[in-house]
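A.B. asks:
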Amino acid sequence: MTNTIALITGANKGIGLATARQLGGLGMTVLIGARDAERGRTAERELRDGGADARFVPLDVTDAESVAAVAKLVEAEYGRLDVLVNNAGIILADGARGLPSETTVATLRRLYETNVFGVVTVTNALLPLLRRAPAARIVNVSSEVGSIAVMTDPNGALFELTSVPYPSSKAALNMLTAMYAKELRDTAIKVNAANPGYCATDLNGNSGFRTAEQGAEVSVHLATLPTDGPSGLLWGFQMDAGGGYGVLPW
Ligand SMILES: NC(=O)c1ccc[n+]([C@@H]2O[C@H](COP(=O)([O-])OP(=O)(O)OC[C@H]3O[C@@H](n4cnc5c(N)ncnc54)[C@H](OP(=O)(O)O)[C@@H]3O)[C@@H](O)[C@H]2O)c1
Numbered sequence: 001m002t003n004t005i006a007l008i009t010g011a012n013k014g015i016g017l018a019t020a021r022q023l024g025g026l027g028m029t030v031l032i033g034a035r036d037a038e039r040g041r042t043a044e045r046e047l048r049d050g051g052a053d054a055r056f057v058p059l060d061v062t063d064a065e066s067v068a069a070v071a072k073l074v075e076a077e078y079g080r081l082d083v084l085v086n087n088a089g090i091i092l093a094d095g096a097r098g099l100p101s102e103t104t105v106a107t108l109r110r111l112y113e114t115n116v117f118g119v120v121t122v123t124n125a126l127l128p129l130l131r132r133a134p135a136a137r138i139v140n141v142s143s144e145v146g147s148i149a150v151m152t153d154p155n156g157a158l159f160e161l162t163s164v165p166y167p168s169s170k171a172a173l174n175m176l177t178a179m180y181a182k183e184l185r186d187t188a189i190k191v192n193a194a195n196p197g198y199c200a201t202d203l204n205g206n207s208g209f210r211t212a213e214q215g216a217e218v219s220v221h222l223a224t225l226p227t228d229g230p231s232g233l234l235w236g237f238q239m240d241a242g243g244g245y246g247v248l249p250w
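In the UniProt record's numbering, the protein residues as written are 1 to 250.
Printed below as a string of structure tokens:
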């Protein structure tokens with residue numbers, strides 16, 4: 001075995017593209033999961049021009065057939081997967097503030113298809129290949145808005161946020177992370193959730209105060225944890241602790 005194989009979902013722009021760029025910069029072969037071929041190829045080209053061993057793979061995380069095709073390709077070409085970054089995610093405005101009383105089930109279903117069910121589909125399809133790697137890492141790109149402790153802290157910066165769709169999808173992702181970590185605790189695989197912090201990307205109309213590159217640092221840290229590193233944590237930007245990196249409460 002010579003190189004490290006990393007698959008990043010939703011890697012054609014934003015934090016995913018920055019994550020692929022940084023992992024590629026570390027010498028990993030980066031598989032650019034993107035649901036749109038043109039956007040995926042453009043990202044592949046950009047990363048290759050920058051010196052990375054990047055390869056576009058067609059991947060819509062809500063489409064089980066597309067996920068199965070990626071698993072088949074990775075098995076055939078590489079025989080294993082060392083790093084999986086479940087980065088693809090969406091936010092839906094729903095035309096309102098997302099208050100529980102205003103939230104529609106249709107919105108939740110659409111959001112969960114990508115942010116929650118997509119992660120399970122991708123992870124379970126790739127797990128046999130992650131098990132074949134000597135020390136695989138799974139990074140689920142979550143958010144502090146998925147932390148019930150952060151969202152209900154009356155002294156915290158997010159206490160005024162009373163939205164259900166996106167935060168509840170990330171809360172579900174946090175639980176998935178904790179349970180995958182528990183199931184895999186006797187293996188060499190580490191599973192953690194990343195909090196990139198509020199980064200300027202298309203997801204939020206580029207309103208974030210951090211850059212996509214800074215957000216990607218969090219995923220890269222968790223994707224490159226050493227053998228004695230942790231598993232089953234929500235780790236990343238700590239707004240309430242003054243902006244450093246560290247463990248956040250679930
Ligand atoms: N930006 C922030 O402040 C922030 C904070 C906390 C967490 N996050 C999380 O960070 C992750 C990346 O978000 P971002 O801010 O970089 O947003 P972004 O720029 O909108 O990028 C989202 C990426 O996900 C892809 N995607 C969406 N649905 C997909 C699907 N069904 N299959 C495959 N790919 C899909 C998008 O592809 P298309 O180009 O085809 O749409 C795009 O590549 C998300 O999980 C988000 O929830 C972001």
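All residues carry an ideal CB built from backbone N, CA and C; glycine is no exception.
Please state whether DSSP places Y198 in a helix, a strand or coil.
C.D. replies: By 1-based counting over the sequence shown, the position of residue 198 is 198. Note: Y198 maps to coil in three-state DSSP.
A.B. asks: At which residues does the alpha helix (DSSP H) containing A18 begin and terminate?
C.D. replies: For the purposes of this step, residue 18 is identified with residue 18 of the sequence shown, where counting begins at 1. From DSSP, the alpha helix (DSSP H) with A18 extends over 14 to 25.
A.B. asks: Near T201, which residues of its chain fall below 7 Å by C-beta distance, leaving aside the five closest residues on each side in sequence?
C.D. replies: Counting from 1 along the sequence shown, the entry for residue 201 is found at position 201. These residues qualify, in order along the chain: G14, I15, G208, A212.
A.B. asks: Rounding to the nearest angstrom, what Cα-Cα distance links G244 and F159 in this structure?
C.D. replies: Here residue 244 refers to the residue found at position 244 of the sequence shown. Here residue 159 refers to the residue found at position 159 of the sequence shown. Going from the Cα of G244 to the Cα of F159 covers about 20 Å.
A.B. asks: Taking F117 as the reference, give the member of S163, V74, A171 with the closest Cα.
C.D. replies: Numbered from 1 along the sequence shown, position 117 holds the residue referred to as residue 117. The option with the nearest alpha carbon to F117 is A171.
A.B. asks: Okay, do the stretch 146 to 153 and the stretch 84 to 93 touch, 3+ Cβ pairs below 8 Å being the bar?
C.D. replies: Touching, no.
A.B. asks: I need the straight-line Cα distance from E125 to E113, nearest angstrom please.
C.D. replies: As a position in the sequence shown, residue 125 is number 125, starting the count at 1. As a position in the sequence shown, residue 113 is number 113, starting the count at 1. Reading the sequence as shown, one finds Ala at residue 125 and not Glu. Whole-angstrom Cα-Cα distance: 16 Å.
A.B. asks: In the DSSP assignment, the alpha helix (DSSP H) including T177 goes from what residue to what residue?
C.D. replies: Your numbering for residue 177 matches position 177 in the sequence shown. 165 to 183 is the extent of the alpha helix (DSSP H) around T177.
A.B. asks: Looking at G118 and ligand 1, is the gap between the Cβ and the nearest heavy atom below 7 Å?
C.D. replies: Looking up residue 118 in the sequence shown gives position 118. It does: the Cβ of G118 is within 7 Å (strictly closer) of some heavy atom of ligand 1.
A.B. asks: Pop quiz: residue 264 and V85 are said to be a contact at Cβ under 8 Å. What is the actual Cβ separation, rounded to whole angstroms?
C.D. replies: Since the first residue of the chain shown is 1 and the last is 250, residue 264 is not available in this structure.
A.B. asks: Quick check on V67: does DSSP put it in helix, strand or coil?
C.D. replies: Position 67 of the sequence shown, counted from the first residue, corresponds to residue 67. Helix.
A.B. asks: Could you check if E65 is buried or exposed, using at least 16 other CB atoms within 10 Å of its CB as the buried criterion?
C.D. replies: Numbered from 1 along the sequence shown, position 65 holds the residue referred to as residue 65. Per the 10 Å Cβ criterion, exposed.
A.B. asks: Quick one: Cα of D53 to Cα of S169, how far?
C.D. replies: Translated into the one-based positions of the sequence shown, residue 53 becomes position 53. Translated into the one-based positions of the sequence shown, residue 169 becomes position 169. Answer to the nearest angstrom: the Cα atoms are 33 Å apart.
A.B. asks: Check the C-beta distance from R55 over to L31 and give it rounded, since I have them as a contact under 8 Å.
C.D. replies: Translated into positions along the sequence shown, residue 55 becomes position 55. Translated into positions along the sequence shown, residue 31 becomes position 31. With 8 Å as the limit, R55 and L31 qualify as a contact, their Cβ atoms being about 6 Å apart.
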